[in-house]
Amino acid sequence: MAGELNLVSSTTVTSDVASVTLTGIDTTYDIYKVLITNARGNNTSANSWRMRWIVGGSPETGNNYFTQWESHNAVSNFEWNGFATDYRYSGNTEMYIGDGSSDTGECYNANINLYKAYDNDSEARFDIEQHSTNSGGNLIAAKGGGYRKAQQICTGVQIYVASYSIASGYFGLYGYNYS
Amino acid sequence: MATLEEIKSEVRTEVEAEKPLNKSVDGVISELTDEEYEQLITDRAESRFDVQENGWIEARLNAYGSWQEQLDMQYWDSVNGTTTWKDHIAQVKSDNPKPA
Numbered sequence: 001m002a003g004e005l006n007l008v009s010s011t012t013v014t015s016d017v018a019s020v021t022l023t024g025i026d027t028t029y030d031i032y033k034v035l036i037t038n039a040r041g042n043n044t045s046a047n048s049w050r051m052r053w054i055v056g057g058s059p060e061t062g063n064n065y066f067t068q069w070e071s072h073n074a075v076s077n078f079e080w081n082g083f084a085t086d087y088r089y090s091g092n093t094e095m096y097i098g099d100g101s102s103d104t105g106e107c108y109n110a111n112i113n114l115y116k117a118y119d120n121d122s123e124a125r126f127d128i129e130q131h132s133t134n135s136g137g138n139l140i141a142a143k144g145g146g147y148r149k150a151q152q153i154c155t156g157v158q159i160y161v162a163s164y165s166i167a168s169g170y171f172g173l174y175g176y177n178y179s
Numbered sequence: 180m181a182t183l184e185e186i187k188s189e190v191r192t193e194v195e196a197e198k199p200l201n202k203s204v205d206g207v208i209s210e211l212t213d214e215e216y217e218q219l220i221t222d223r224a225e226s227r228f229d230v231q232e233n234g235w236i237e238a239r240l241n242a243y244g245s246w247q248e249q250l251d252m253q254y255w256d257s258v259n260g261t262t263t264w265k266d267h268i269a270q271v272k273s274d275n276p277k278p279a
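Those protein sequences? They're chains D and S, same order as listed. With the numbering used here, you'll find the first sequence wraps up at 179, consecutive numbering, no jumps. With the numbering used here, you'll find the second sequence wraps up at 279, consecutive numbering, no jumps.
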């Protein structure tokens with residue numbers, strides 16, 4: 001049914017894993033979506049989340065990722081701290097998908113739309129809305145997008161937290177048709 | 180300042196101590212392959228190197244405070260003849276030095 005969100009693959013992490021890979025992207029759906037909720041790293045210093053496309057069955061690690069971000073950070077009294085961080089990454093080996101503290105009671109959450117992933121004639125693209133709290137307990141609300149500057153079929157995504165392992169969280173890949 | 184290769188060597192030692200490390204692929208848990216361990220070491224080393232080289236920028240941005248707070252400091256400095264804002268900025272720069 002058009003507009004209906006259909007689960008393709010999911011996992012709930014309850015013990016440390018270096019990465020979570022979700023596959024199953026094909027021609028079945030027009031758009032795919034990754035939802036991440038209550039995710040935390042296995043160390044209080046684990047706070048920078050990353051993603052790679054799965055190409056040919058493996059995570060793509062070439063210098064092909066281009067992403068851009070705005071991050072709205074609140075300071076201690078919840079005052080807006082402006083565009084505290086404005087990220088632009090060109091030709092990176094990974095896609096940055098936001099910050100989120102792994103301190104007790106804090107977590108990382110994201111809603112990532114995947115476009116043109118299973119298309120040999122187009123660059124795989126994504127946009128993201130993400131919110132979390134940083135290590136100071138302050139809100140981060142960020143949005144951004146990016147693409148892989150190569151035209152190949154991507155069948156999934158790999159998600160991980162820089163320098164550490166993922167300790168917990170829900171990771172789901174969904175698909176939906178717009179007509 | 181450590182070089183990328185020096186950091187990679189440190190990370191390799193840490194990963195050896197952490198083994199076995201697992202991955203989740205569509206909910207199935209298995210240990211990383213040798214190739215995946217190498218990629219993990221590269222990723223972690225590059226991430227740590229990036230923090231070493233560029234972490235001071237984000238640390239300064241977070242410590243400066245909002246532009247409203249800074250304008251308020253400047254207003255009261257102009258009224259009272261103080262140097263609160265200038266001292267604050269100097270302290271943030273001093274606390275988060277740019278790598279040589």
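We put the beta carbon where it would ideally sit given N, CA and C, even for glycine.
Residue i versus the options, residue with shortest Cα-Cα distance
| i | options | result |
| --- | --- | --- |
| D:VAL13 | S:SER188, S:VAL190, S:THR192, S:SER203 | S:SER203 |
| D:TYR147 | D:ASP127, D:SER179, D:TYR176 | D:ASP127 |
| D:CYS107 | D:TYR170, D:GLY3, D:TYR176 | D:TYR170 |
| D:GLY172 | D:ALA18, D:ILE36, D:GLU4 | D:ILE36 |
| S:SER245 | D:SER122, D:GLN68, D:PHE66, D:HIS72 | D:HIS72 |
| D:GLY100 | D:GLU60, D:LEU5, D:ALA142, D:ALA150 | D:ALA142 |
| S:GLN249 | S:ASP266, S:LYS198, S:SER226 | S:ASP266 |
| D:ASN38 | D:GLN130, D:LYS116, D:TYR65, D:LEU114 | D:GLN130 |
| D:ILE97 | D:GLY57, D:LEU5, D:GLN151, D:ASN47 | D:ASN47 |
| D:SER122 | D:GLY145, D:ASN138, D:ALA150, D:LEU114 | D:ALA150 |
| D:SER163 | S:SER226, S:SER257, S:VAL258 | S:SER226 |
| S:ALA242 | S:ASN259, S:ILE268, S:ASP251 | S:ILE268 |
| D:GLY57 | S:GLN247, S:ASP205, S:ASN233, S:TRP235 | S:ASP205 |
Short CB-CB distance (under 9 angstroms) between residue i and chain S
| i | result |
| --- | --- |
| D:GLU106 | no |
| D:THR21 | yes |
| D:ALA162 | yes |
| D:ARG50 | yes |
| D:SER179 | no |
| D:GLU94 | yes |
| D:VAL17 | yes |
| D:VAL34 | no |
Chain-order list of residues whose beta-carbon lies under 7 angstroms from that of residue i (same chain, five-residue window excluded)
| i | result |
| --- | --- |
| S:PHE228 | LEU183, ILE186 |
| S:GLN253 | TRP264 |
| D:THR28 | GLY175 |
| D:LEU185 | Because chain D in this structure spans residues 1 to 179, residue 185 of chain D falls outside the shown range and cannot be described. |
| S:MET180 | GLN231, PRO278 |
Residue i - DSSP class collapsed to helix/strand/coil
| i | result |
| --- | --- |
| S:SER245 | coil |
| D:LEU181 | Here chain D has residues from 1 to 179 only, and residue 181 of chain D is not among them. |
| D:THR44 | coil |
| S:MET180 | coil |
| D:GLN130 | strand |
| S:ASN233 | helix |
| D:MET1 | coil |
| S:LEU240 | helix |
| S:ASP251 | helix |
| S:LEU219 | helix |
| D:ALA39 | strand |
| D:ALA18 | coil |
| D:ASP99 | strand |
| S:GLN270 | helix |
| D:ALA167 | strand |
| S:ASN259 | helix |
Cβ shell of residue i (< 8 angstroms), same chain only, five flanking positions each side left out
| i | result |
| --- | --- |
| D:ASN63 | GLY91, ASN92, THR93 |
| S:LYS272 | ARG239 |
| S:VAL194 | LEU200, TYR216, LEU219, ILE220, ARG223 |
| D:TYR178 | ALA2, GLY3, ASP30, ILE31 |
| D:GLY156 | SER9, THR21, LEU22, THR23, GLY24, ILE25, TRP53, ILE54, LEU173 |
| S:THR261 | TRP255 |
Any chain D beta carbon closer than 9 angstroms to residue i
| i | result |
| --- | --- |
| S:LYS187 | no |
| S:ASP222 | yes |
| S:ILE268 | no |
| S:ASP256 | no |
| S:GLU215 | yes |
| S:ASN201 | yes |
| S:ARG227 | yes |
Proximity of residue i and residue j at Cβ, strictly below 9 angstroms
| i | j | result |
| --- | --- | --- |
| D:TRP49 | D:ALA124 | no |
| D:ARG52 | D:MET95 | yes |
| D:SER45 | D:SER132 | no |
| D:THR23 | D:SER9 | yes |
| D:ILE159 | D:VAL20 | yes |
| D:THR104 | D:TYR89 | no |
| D:VAL34 | D:ILE140 | no |
Cβ-based neighbour list, residue i, same chain, cut-off 6 angstroms, excluding 5 preceding and 5 following
| i | result |
| --- | --- |
| D:ASP16 | ASN42, SER165, ALA167 |
| D:ILE153 | TYR118, ASN120 |
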